[in-house]
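Trainee: With our numbering applied, the sequence shown covers 77 to 452. For glycine and all other residues, C-beta sits at the position ideal for the given N, C-alpha and C. On a predicted model such as this, the values are computed, not experimentally measured, just so you know. Just dropping this structure here.
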Amino acid sequence: MHYDVIIIGAGPAGSAAASALAREGRSVLVLEKEIHPRHKSCGGGLSARLLPFLDADLKELIEREIRRIVFRLRQKEVSSSSVDPVAYLVMRPRFDAYLVEKARKAGAEIRENAPMRDWCEIPDGVEVHHRAGRDTASFLIGADGATSRVARKLHPLWKKHLAFAVEAEAPMRSREETVWIDLAVPRGYGWIFPKTSGAAIGIADFKSKVEKPQGLYRDFLKRHPLLSDEGSIAPNGATIPIYRRASPPLAQGRVLLVGDAGGLVDPLFGEGIFYAIRSGQLAAQAVVAALTGGDGVRSYDRAVRTAFYPDFETAGRMAKWIYAFPGLFLEAIRRHPGAMDLYLGVLRGERSYGQFWREVQWAFLQKWIPFKNTAG
Ligand SMILES: Cc1cc2nc3c(=O)[nH]c(=O)nc-3n(C[C@H](O)[C@H](O)[C@H](O)COP(=O)(O)OP(=O)(O)OC[C@H]3O[C@@H](n4cnc5c(N)ncnc54)[C@H](O)[C@@H]3O)c2cc1C
Numbered sequence: 077m078h079y080d081v082i083i084i085g086a087g088p089a090g091s092a093a094a095s096a097l098a099r100e101g102r103s104v105l106v107l108e109k110e111i112h113p114r115h116k117s118c119g120g121g122l123s124a125r126l127l128p129f130l131d132a133d134l135k136e137l138i139e140r141e142i143r144r145i146v147f148r149l150r151q152k153e154v155s156s157s158s159v160d161p162v163a164y165l166v167m168r169p170r171f172d173a174y175l176v177e178k179a180r181k182a183g184a185e186i187r188e189n190a191p192m193r194d195w196c197e198i199p200d201g202v203e204v205h206h207r208a209g210r211d212t213a214s215f216l217i218g219a220d221g222a223t224s225r226v227a228r229k230l231h232p233l234w235k236k237h238l239a240f241a242v243e244a245e246a247p248m249r250s251r252e253e254t255v256w257i258d259l260a261v262p263r264g265y266g267w268i269f270p271k272t273s274g275a276a277i278g279i280a281d282f283k284s285k286v287e288k289p290q291g292l293y294r295d296f297l298k299r300h301p302l303l304s305d306e307g308s309i310a311p312n313g314a315t316i317p318i319y320r321r322a323s324p325p326l327a328q329g330r331v332l333l334v335g336d337a338g339g340l341v342d343p344l345f346g347e348g349i350f351y352a353i354r355s356g357q358l359a360a361q362a363v364v365a366a367l368t369g370g371d372g373v374r375s376y377d378r379a380v381r382t383a384f385y386p387d388f389e390t391a392g393r394m395a396k397w398i399y400a401f402p403g404l405f406l407e408a409i410r411r412h413p414g415a416m417d418l419y420l421g422v423l424r425g426e427r428s429y430g431q432f433w434r435e436v437q438w439a440f441l442q443k444w445i446p447f448k449n450t451a452g
């Protein structure tokens with residue numbers, strides 16, 4: 077059968093694209109290899125800035141609203157609080173299944189247990205091979221995650237930078253609306269995201285493969301006073317395709333890459349859900365424009381470069397500094413709590429990373445450089 081668009085993968089990126097396209101009256105087929113609700117290694121942290129783009133009532137899905145972040149290095153802690161929530165914590169199986177259902181209700185055809193096997197370009201479109209046969213479409217959206225087959229075929233020489241993470245759910249002795257970020261993990265961080273029962277816990281190495289990841293994870297569990305390794309389940313390993321400069325075009329010919337498939341993950345804390353959903357929506361807009369006579373889908377690549385890459389560049393510079401000198405970072409935010417307040421504004425969507433960084437630099441300059449009034 078022929079569709080306007082075939083989407084590979086029904087994670088947040090694929091579902092967001094499918095909903096947006098179906099609402100525009102486009103015929104959409106989504107192929108998902110698993111059956112929802114399915115497991116996805118993830119902390120389930122949604123920054124509050126995502127809410128205006130979700131067009132959904134998330135009340136039932138939210139496990140915790142987060143108003144406080146604590147940065148921790150060995151025994152030292154520095155915290156920052158916000159009156160309004162800075163993040164919402166969800167369970168990924170439920171959250172993703174909800175987004176899939178929304179796309180289905182909007183009119184998208186979702187086929188689960190239907191892995192894509194291969195795809196190729198044909199005149200004026202693409203042909204997709206899957207378990208049950210083949211279908212064609214005018215456009216293909218690769219939303220198939222960190223190890224995307226669509227991306228590998230589109231850009232065979234592209235080496236994504238894969239950070240390595242280990243995560244699990246564990247019991248927790250707290251019901252606080254607080255997220256903990258532990259900077260004692262070499263070249264990365266550990267996180268504790270409290271949920272309704274227990275917490276999502278993990279460690280990520282942003283440089284390379286973690287050596288002895290299970291050991292690092294157990295150490296992390298032991299050193300935090302609110303955690304216990306009794307009853308915790310065995311952790312899973314997973315990769316996070318964090319942004320690196322010189323990514324190839326995310327729209328080429330009739331193929332677009334969204335979310336993790338496009339390497340759209342913030343290099344500071346590995347936030348990917350916001351960018352997955354936004355890139356899915358931006359890709360849908362570009363495809364609708366192209367189907368109605370626009371100049372192809374390259375506008376999607378331009379939109380991503382404008383909307384996300386400046387943030388990623390700033391976040392990448394911050395990550396280099398913070399993970400190389402975590403002690404200095406903790407001391408800096410202890411002495412200058414205003415900087416953390418500004419950062420919470422990024423999570424609430426009040427400023428971009430770029431604005432945040434400029435404001436922080438300006439505040440430091442004003443404090444440390446003795447300006448002279450030369451007038452008169
Ligand atoms: C340990 C860990 C913790 C994280 N914590 C957070 C967090 O707290 N907050 C945050 O914002 N981000 C977090 N991230 C990142 C976040 O999980 C991803 O950025 C996000 O899931 C990307 O969404 P996506 O839709 O692009 O890909 P995915 O969610 O990976 O969805 C891809 C879908 O494609 C399907 N698929 C794959 N191949 C095929 C195929 N051949 N055919 C059909 N279907 C296919 C998969 O089954 C899957 O359902 C974390 C990542 C990890 C690994």
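With DSSP collapsed to three states, give me the class of ARG374.
Mentor: Taking the sequence shown and counting its residues from 1, the one referred to as residue 374 is at position 298. Looking at ARG374 - three-state DSSP - the assignment turns out to be helix.
Trainee: Per the DSSP calculation, LEU140 is bridged to which residue(s)?
Mentor: Translated into positions along the sequence shown, residue 140 becomes position 64. Going by the sequence as given, residue 140 is Arg instead of Leu. According to DSSP, which records beta bridges pairwise, ARG140 is partnered with LEU165.
Trainee: Which complete alpha helix (DSSP H) runs does the stretch 240-291 hold, if anything under 4 residues is left out?
Mentor: Segments of the alpha helix (DSSP H) lying fully in the stretch 240-291: there are none.
Trainee: Leaving aside the five residues before and after GLY421 along the sequence, list all residues of the same chain whose C-beta is less than 6 Å from its C-beta, in chain order.
Mentor: Here residue 421 corresponds to residue number 345 of the sequence shown, with the count starting at 1. These residues qualify, in order along the chain: ARG427.
Trainee: If we count Cβ pairs, one from each stretch, closer than 8 Å, do we get three or more for the stretch 378-391 versus the stretch 125-142?
Mentor: No, the stretch 378-391 is not in contact with the stretch 125-142.
Trainee: Could you check if CYS196 is buried or exposed, using at least 16 other CB atoms within 10 Å of its CB as the buried criterion?
Mentor: The residue you call residue 196 lines up with position 120 of the sequence shown. It counts as exposed.
Trainee: Hey, out of THR212, ALA190 and ARG410, whose CA is closest to VAL154's CA?
Mentor: The sequence position of residue 154 within the sequence shown is 78, counting from 1. Ranking THR212, ALA190 and ARG410 by Cα distance to VAL154 puts ARG410 first.
Trainee: Going by DSSP, what residue range makes up the beta strand (DSSP E) through GLY201?
Mentor: The residue labelled residue 201 in the question sits at position 125 within the sequence shown. 201-206 is the extent of the beta strand (DSSP E) around GLY201.
Trainee: Relative to ligand 1, is the shortest distance from any of its heavy atoms to the C-beta of ALA222 smaller than 7 Å?
Mentor: Translated into the one-based positions of the sequence shown, residue 222 becomes position 146. ALA222: yes, Cβ under 7 Å from ligand 1.
Trainee: Between the stretch 104-113 and the stretch 164-184, do three or more beta carbon pairs fall short of 8 Å?
Mentor: Taking 8 Å as the limit for Cβ pairs, the verdict is that the stretch 164-184 does touch the stretch 104-113.
Trainee: Closer than 7 Å to a non-hydrogen atom of ligand 1 - does that hold for the CB of GLU139?
Mentor: Locating residue 139 in the sequence shown gives position 63, where the first residue counts as 1. Because no heavy atom of ligand 1 lies under 7 Å away, the Cβ of GLU139 does not count as near it: no.
Trainee: Spatial neighbours of ASN449 within its chain, please: CB distance less than 7 Å, with the 5 preceding and 5 following residues excluded, ordered by chain position.
Mentor: In the sequence shown, the residue the question calls residue 449 occupies position 373. Caution is warranted here: a pLDDT of 47 is assigned to ASN449, below 50, making its placement in the model unreliable, and no coordinate value can be reported.
Trainee: Which value, in whole angstroms, describes the spacing of the CA atoms of GLU188 and LEU175?
Mentor: Locating residue 188 in the sequence shown gives position 112, where the first residue counts as 1. Locating residue 175 in the sequence shown gives position 99, where the first residue counts as 1. Distance between the alpha carbons of GLU188 and LEU175: 14 Å.
Trainee: Does DSSP classify LYS178 as helix, strand or coil?
Mentor: Sequence index remark: in the sequence shown, residue 178 carries index 102 (1-based). The answer is helix: DSSP assigns LYS178 an H, G or I state.
Trainee: Please look up how many angstroms separate the CB atoms of ILE268 and PHE147, rounded, as I've assumed it's under 8 Å.
Mentor: Here the question's residue 268 lines up with position 192 in the sequence shown. Here the question's residue 147 lines up with position 71 in the sequence shown. Incorrect: roughly 12 Å between the Cβ atoms, too far for contact.
Trainee: Tell me the residue span of the beta strand (DSSP E) that contains GLU153.
Mentor: Taking the sequence shown and counting its residues from 1, the one referred to as residue 153 is at position 77. Its beta strand (DSSP E) spans residues 152-157.
Trainee: Does the Cβ of ALA352 lie closer than 7 Å to at least one heavy atom of ligand 1?
Mentor: Residue 352 sits at position 276 when you count from the first residue of the sequence shown. Yes, the Cβ of ALA352 comes within 7 Å of a heavy atom of ligand 1.
Trainee: Using only CA atoms, which one of GLY264, ALA337, LEU259 and GLY313 lies nearest to ARG299?
Mentor: By 1-based counting over the sequence shown, the position of residue 299 is 223. Among GLY264, ALA337, LEU259 and GLY313, the Cα nearest to that of ARG299 is on LEU259.
Trainee: Taking GLU347 as the reference, give the member of PHE384, VAL104 and SER323 with the closest Cα.
Mentor: Taking the sequence shown and counting its residues from 1, one reaches residue 347 at position 271. Nearest option by C-alpha distance: PHE384.
Trainee: Compare the Cα-Cα distances from GLY266 to each of LEU230, VAL255 and ARG193 and report the closest residue.
Mentor: Position 190 of the sequence shown, counted from the first residue, corresponds to residue 266. Cα-wise, what sits closest to GLY266 is VAL255.
Trainee: Indicate the three-state DSSP secondary structure (helix, strand or coil) for GLU224 in the structure shown.
Mentor: By 1-based counting over the sequence shown, the position of residue 224 is 148. Note that residue 224 is Ser in the sequence shown here, rather than Glu. In the structure shown, SER224 sits in coil (DSSP, three-state: anything other than H, G, I, E or B).
Trainee: Evaluate SER95 with the Cβ neighbour count: other Cβ atoms within 10 Å of its Cβ, from every protein chain shown; 16 or more gives buried, anything less gives exposed.
Mentor: If you number the sequence shown from 1, residue 95 lands on position 19. Buried, since its Cβ has 16 or more Cβ neighbours within 10 Å.
Trainee: Using the Cα positions of ALA86 and PRO413, report the straight-line distance between them to the nearest angstrom.
Mentor: Here the question's residue 86 lines up with position 10 in the sequence shown. Here the question's residue 413 lines up with position 337 in the sequence shown. ALA86 and PRO413: Cα-Cα distance of roughly 40 Å.
Trainee: Flag LEU420 as yes when its Cβ comes closer than 7 Å to any non-hydrogen atom of ligand 1, and as no otherwise.
Mentor: Here the question's residue 420 lines up with position 344 in the sequence shown. For ligand 1, not one heavy atom lies less than 7 Å from the Cβ of LEU420.
Trainee: LEU302 by DSSP, collapsed to three states: which one?
Mentor: Along the sequence shown, read from residue 1 onward, the residue named residue 302 stands at position 226. If DSSP states are grouped into helix, strand and coil, LEU302 belongs with coil.
Trainee: Taking only heavy atoms of ligand 1 into account, decide whether any of them is closer than 7 Å to the Cβ of ARG411.
Mentor: By 1-based counting over the sequence shown, the position of residue 411 is 335. Outside the cutoff, so no.
Trainee: Please say whether GLY335 and TYR319 have beta carbons closer to each other than 8 Å?
Mentor: Counting from one through the sequence shown, the residue named residue 319 turns up at place 243. Counting from one through the sequence shown, the residue named residue 335 turns up at place 259. In this structure, GLY335 does not lie closer than 8 Å to TYR319 by Cβ.
Trainee: Relative to the C-alpha of ASN489, which residue among GLY121, PRO289, ILE353 and ALA322 is closest?
Mentor: No answer is possible for residue 489: it lies beyond the span of the chain, which begins at 77 and ends at 452.
Trainee: With distances taken between CB atoms, is the gap from GLU253 to ILE142 smaller than 8 Å?
Mentor: Along the sequence shown, read from residue 1 onward, the residue named residue 253 stands at position 177. Along the sequence shown, read from residue 1 onward, the residue named residue 142 stands at position 66. Their beta carbons are under 8 Å apart, which means GLU253 touches ILE142 by this criterion.
Trainee: Can you name, in chain order, every residue of its own chain whose Cβ lies under 7 Å from the Cβ of LYS152, other than the five neighbours on each side?
Mentor: Reading the sequence shown from its first residue, position 76 is the one you call residue 152. LEU406.
Trainee: Would ALA89 and ALA179 be called neighbours here (beta carbons separated by less than 8 Å)?
Mentor: Indexing the sequence shown from 1 puts residue 89 at position 13. Indexing the sequence shown from 1 puts residue 179 at position 103. In this structure, ALA179 does not lie closer than 8 Å to ALA89 by Cβ.
Trainee: Which whole-angstrom value is the C-beta distance of GLY372 and GLY119, which I expect to be below 8 Å?
Mentor: Within the sequence shown, residue 372 is the residue found at index 296, counting from 1. Within the sequence shown, residue 119 is the residue found at index 43, counting from 1. Not quite, the Cβ-Cβ distance comes to about 36 Å (not below 8 Å), so this is no contact.
Trainee: Going residue by residue through the stretch 99-142, where are the continuous beta strand (DSSP E) segments of at least 3 residues, counting only ones entirely within it?
Mentor: Fully enclosed beta strand (DSSP E) runs of 3 or longer: 104-107, 121-123 and 140-142.
Trainee: Assign ASP80 to one of three DSSP states: helix, strand, or coil.
Mentor: Here residue 80 is taken as the residue at index 4 of the sequence shown, counted from 1. Strand, per DSSP.
Trainee: Going by C-alpha to C-alpha distance, which of PRO270, LEU333, LEU332 and LEU216 sits closest to LEU303?
Mentor: Along the sequence shown, one-based indexing puts residue 303 at 227. For the residues PRO270, LEU333, LEU332 and LEU216, the minimum Cα distance to LEU303 belongs to PRO270.
Trainee: To the nearest angstrom, how far is it from the Cα of ALA92 to the Cα of VAL364?
Mentor: The count along the sequence shown starts at 1 and reaches residue 92 at position 16. The count along the sequence shown starts at 1 and reaches residue 364 at position 288. Approximately 14 Å, taken between the alpha carbons.
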